[in-house]
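There are 2 protein chains.
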Amino acid sequence: MSNLDQIAKLSGFSKATVSRVLNRSPHVSQATRESILKIMEELDYVPNGNAISLSRGQTMQIGMVTEGINEVMLPFLNSFVETASQHGYQTIIYTSGGDPAKELQAFEDMRRKRVDALVISTCVNDQALLGSYCKYGPIVSWQRMELPEIQSVAMNQYDGYMLGLEHVIGRGYTRIANAWGRPTSMNTSGRIQAYRDAARKYHLEVNPEWSQTGIYSIRQGEELIRGLLLSPGGHPNAILCANDMVAAGILSEARRLKVKVPEELAIVGFDNTELAHTLGITSIDNPIAAQAQNALYLILGKLGGKENGQQELEFQLVQRATT
Amino acid sequence: MSNLDQIAKLSGFSKATVSRVLNRSPHVSQATRESILKIMEELDYVPNGNAISLSRGQTMQIGMVTEGINEVMLPFLNSFVETASQHGYQTIIYTSGGDPAKELQAFEDMRRKRVDALVISTCVNDQALLGSYCKYGPIVSWQRMELPEIQSVAMNQYDGYMLGLEHVIGRGYTRIANAWGRPTSMNTSGRIQAYRDAARKYHLEVNPEWSQTGIYSIRQGEELIRGLLLSPGGHPNAILCANDMVAAGILSEARRLKVKVPEELAIVGFDNTELAHTLGITSIDNPIAAQAQNALYLILGKLGGKENGQQELEFQLVQRATT
DNA sequence: CTAAATGTTGTAACGCGTTACATGTCAAGT
DNA sequence: ACTTGACATGTAACGCGTTACAACATTTAG
Chain E
134 MSNLDQIAKL SGFSKATVSR VLNRSPHVSQ ATRESILKIM EELDYVPNGN
184 AISLSRGQTM QIGMVTEGIN EVMLPFLNSF VETASQHGYQ TIIYTSGGDP
234 AKELQAFEDM RRKRVDALVI STCVNDQALL GSYCKYGPIV SWQRMELPEI
284 QSVAMNQYDG YMLGLEHVIG RGYTRIANAW GRPTSMNTSG RIQAYRDAAR
334 KYHLEVNPEW SQTGIYSIRQ GEELIRGLLL SPGGHPNAIL CANDMVAAGI
384 LSEARRLKVK VPEELAIVGF DNTELAHTLG ITSIDNPIAA QAQNALYLIL
434 GKLGGKENGQ QELEFQLVQR ATT
Chain R
134 MSNLDQIAKL SGFSKATVSR VLNRSPHVSQ ATRESILKIM EELDYVPNGN
184 AISLSRGQTM QIGMVTEGIN EVMLPFLNSF VETASQHGYQ TIIYTSGGDP
234 AKELQAFEDM RRKRVDALVI STCVNDQALL GSYCKYGPIV SWQRMELPEI
284 QSVAMNQYDG YMLGLEHVIG RGYTRIANAW GRPTSMNTSG RIQAYRDAAR
334 KYHLEVNPEW SQTGIYSIRQ GEELIRGLLL SPGGHPNAIL CANDMVAAGI
384 LSEARRLKVK VPEELAIVGF DNTELAHTLG ITSIDNPIAA QAQNALYLIL
434 GKLGGKENGQ QELEFQLVQR ATT
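In structure tokens form, the structure reads like this:
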């Protein structure tokens, strides 16, 4: 393995000049540049990325913090990786599997200069704890956070959820169930508030059993709807879901139980993923890919010391066969 | 930001001793260790990851090369990230979007010591070209490769496909269609060979239109089956798919066309993903998560200079509502 | 009581680019 | 002819741990 020092010696120039050639500095004469490039080629030289990271004090790597990679975050991850790479940044995945200690490793890695910034997709640690890591680099979250230091690219969940509620209400459903996600997340609290307001405004029939939190997966969707439909206390005729996976689970279980969709049960998913399209589930389009881009822009802005230019984003409801 | 040098000066010991404390070397007295640890804590010291990578000559990072992150590779990615992290390695995602030049960046990054090894999930560059990067570090592929230097964790696709073929043949289907994946991949050639052999052995009705390659996505599945079912030349009564996404597309399109599944059309997916479970698609269980683990074991073996201990893996067919 | 073994700590070079600052050169401006 | 500035290049310190080797102290064995 050749290094910059050897190139310098062989070419007869100093390390600084060689470095200038590498970094396309204009302060090198054409002749010098060419002769150095020639030697680099002969020795099959490439600069060592670690040395660059060390001396520049940045790694051009951004960590993505998540509990695990699933269908819902797929467009977020894909879009983030893609956009970051266009700006010269690589993405490192940190999956916690729900273990706070493991999740913390991502934050420690930023402290140790292994990554320049972090994007949080989902996170299981205490927000105050995360806040203490803000001094080591930019942290941006997909979900809305209480801490002002941690900016979020999430959209106003209240509006999005209201869109879904008014859609089913407009189609005559009044016994609306809710399968909400992470109980502590601000996404969820926005959605809950939307439901409360809608219930009052539109005189919905309210049953505490119909509203549950902590539902994220296909399986949980299946179990939830089985419980609701078989409950003796009457069952809902519409359900809004935390995400499309939950909606998919509910749809397939409803079919198994011979419940007619959408006549007896309307289902609205969230995120408008490929899954919703495939299964024909009405879904609220959460422009996730654009949010991921915004996350990167926020990070680049903070890394560059200037303010960012985020795109303005809006929800849309895509109606399909389940409503 | 404090560094090791400051810790050394403040504690009165040399850098070497401080380094020994960091690396839990046994050659440090208890008293020294404690006094150094105390100072590190006071200064809120953490070693710089880049400096470690540079001096040790390894980054503890492994690159995952893929065209894009999709449902099929989800379990592979998840399992790899998880297993790697258990062994102290982080995973960096390189998505090419099908662009060979962009894909090459991952390989260049290994050459530049940014990653210690690479796992290829899908790859669009010429294999010979990839081979020239083997000297820079271990490269392991999910799919089978022709180059002997690049080991693969793929299973024998011939056997797996034959399992699916014999399943539908055993249930009386003889007009079997094939939606194969990447035409140039060795996975595909193994599957094609299995189909040829089965066609001969079981006297299947063969129609060249029924066998297509290059089908990977939900949309492609939808389009394919529409074409096949509406074709005037008679249509197949069973189809084996490159993956579960394709099967999902075929299933939903068949329903839209009012074709009865499995009576008029049997569908067999591949990989037995969550999607197959949700939609009730018969699928050939490709133990992807275990393959990802094997990929890591292979890499660790090569990095450590010793031979690996891979797990032995087998296909299984999971029968559901589509056959 | 001495030699060999064991344990503790230090020295200095190494891994490899980057960059602030200094120096030298040559042409344009006066 | 002399100053000024533009351009080219070099010097040396810096970013930060790791590690082979040397050196010294303290046990332990004989």
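Those protein sequences? They're chains E and R, same order as listed. In short: position in the first sequence from 1, add 133, done, that's this note's numbering. In short: position in the second sequence from 1, add 133, done, that's this note's numbering. Glycine is no exception: its CB is placed at the ideal position from the N, C-alpha and C atoms. Since the model is a prediction, treat every value here as computed from it, not as a measurement.
Neighbourhood of residue i by C-beta distance below 7 Å, restricted to the same chain and skipping five residues each side
{"i": "LEU155 (chain R)", "result": "PRO180"}
{"i": "LEU337 (chain E)", "result": "THR307, ILE309 and ALA331"}
{"i": "ILE325 (chain R)", "result": "TRP313"}
{"i": "ALA261 (chain E)", "result": "none"}
{"i": "THR321 (chain E)", "result": "TRP313, GLY314, ARG315 and THR346"}
{"i": "PHE213 (chain E)", "result": "MET197, THR224, VAL252, ALA425, ALA428 and LEU429"}
Neighbour flag for residue i against chain E, beta carbons, 7 Å
{"i": "LEU187 (chain R)", "result": "yes"}
{"i": "ARG359 (chain R)", "result": "no"}
{"i": "ARG453 (chain R)", "result": "no"}
{"i": "THR415 (chain R)", "result": "no"}
{"i": "ARG315 (chain R)", "result": "no"}
{"i": "GLY201 (chain R)", "result": "yes"}
{"i": "ALA425 (chain R)", "result": "no"}
{"i": "ARG329 (chain R)", "result": "no"}
{"i": "LYS246 (chain R)", "result": "yes"}
{"i": "VAL154 (chain R)", "result": "no"}
{"i": "THR456 (chain R)", "result": "no"}
According to DSSP, residues forming a beta bridge with residue i
{"i": "GLY196 (chain R)", "result": "R:ILE225 and R:LEU251"}
{"i": "SER285 (chain R)", "result": "R:SER274"}
{"i": "LEU461 (chain R)", "result": "There is simply no residue 461 (chain R) to check, as chain R begins at 134 and stops at 456 in what is shown."}
{"i": "GLY367 (chain E)", "result": "According to DSSP, GLY367 (chain E) bridges with nothing at all."}
{"i": "PHE403 (chain E)", "result": "E:ILE417"}
{"i": "ALA310 (chain R)", "result": "R:ILE372"}
{"i": "GLN260 (chain E)", "result": "Answer is none; GLN260 (chain E) lacks a bridge partner."}
{"i": "SER344 (chain R)", "result": "R:ASN311"}
Residues near residue i in its chain [Cβ-Cβ closer than 6 Å; skip 5 each side]
{"i": "CYS267 (chain R)", "result": "GLU282"}
{"i": "GLY509 (chain R)", "result": "In the structure as shown, chain R begins at 134 and stops at 456. Residue 509 (chain R) is therefore absent and cannot be evaluated."}
{"i": "LEU450 (chain E)", "result": "LEU296, HIS300 and ILE417"}
{"i": "THR415 (chain E)", "result": "VAL401, GLN452, ARG453, THR455 and THR456"}
{"i": "THR255 (chain E)", "result": "THR199 and GLU200"}
{"i": "TYR269 (chain E)", "result": "MET243 and ARG244"}
{"i": "LEU176 (chain E)", "result": "SER135"}
{"i": "PRO395 (chain E)", "result": "THR455 and THR456"}
{"i": "GLN284 (chain R)", "result": "VAL273 and LEU431"}
CB contact check: residue i to chain R, cutoff 7 Å
{"i": "ILE309 (chain E)", "result": "no"}
{"i": "GLN326 (chain E)", "result": "no"}
{"i": "ALA184 (chain E)", "result": "yes"}
{"i": "THR165 (chain E)", "result": "no"}
{"i": "LYS142 (chain E)", "result": "no"}
{"i": "ASN370 (chain E)", "result": "no"}
{"i": "THR255 (chain E)", "result": "no"}
{"i": "ASN419 (chain E)", "result": "no"}
{"i": "VAL179 (chain E)", "result": "yes"}
{"i": "THR150 (chain E)", "result": "no"}
{"i": "THR321 (chain E)", "result": "no"}
Close Cβ partners of residue i (< 8 Å) along its chain, the five nearest in sequence each way excluded
{"i": "GLU355 (chain E)", "result": "GLY382, ILE383, SER385 and GLU386"}
{"i": "LEU446 (chain R)", "result": "MET288, PRO420, ALA423, GLN424 and ASN427"}
{"i": "ALA399 (chain R)", "result": "VAL301, ARG304, TYR306, ASN370, ALA371, ILE372, THR415, THR455 and THR456"}
{"i": "ALA217 (chain E)", "result": "ILE195, GLN223, THR224 and LEU429"}
{"i": "HIS220 (chain E)", "result": "LEU429 and LEU433"}
{"i": "SER318 (chain R)", "result": "GLN276 and ARG277"}
Whole-angstrom C-beta distance between residue j and residue i, which should lie under 8 Å
{"i": "ASP404 (chain E)", "j": "VAL205 (chain E)", "result": "6 Å"}
{"i": "VAL248 (chain R)", "j": "ILE226 (chain R)", "result": "The pair is not a contact, with the Cβ atoms about 11 Å apart (cut-off 8 Å)."}
{"i": "ILE253 (chain E)", "j": "SER229 (chain E)", "result": "In fact, because the Cβ distance is near 10 Å, the residues do not count as touching under 8 Å."}
{"i": "LEU362 (chain R)", "j": "TRP343 (chain R)", "result": "Rounded, the Cβ-Cβ distance is 11 Å, inconsistent with contact."}
{"i": "LEU237 (chain E)", "j": "ASN258 (chain E)", "result": "6 Å"}
{"i": "SER470 (chain R)", "j": "SER168 (chain R)", "result": "The first residue shown for chain R is 134 and the last is 456, placing residue 470 (chain R) beyond what the model contains."}
When you check each C-beta in the segment 376 to 407 of chain R against every C-beta of chain E, which residues fall closer than 7 Å? ALA381, GLY382, SER385 and GLU407
If the cut-off is 8 Å on Cβ atoms, which residues from the segment 205 to 234 of chain E count as contacting chain R, listed in chain order? LEU207, LEU210, ASN211, VAL214, GLU215, SER218, GLN223, THR224, ILE225, ILE226, TYR227, THR228 and GLY230
Cβ-based contacts, 8 Å cut-off: residues of the segment 266 to 283 of chain R near chain E: none
Tell me which residues of the segment 338 to 366 of chain R have at least one Cβ-Cβ distance to chain E shorter than 8 Å, keeping chain order. ILE351
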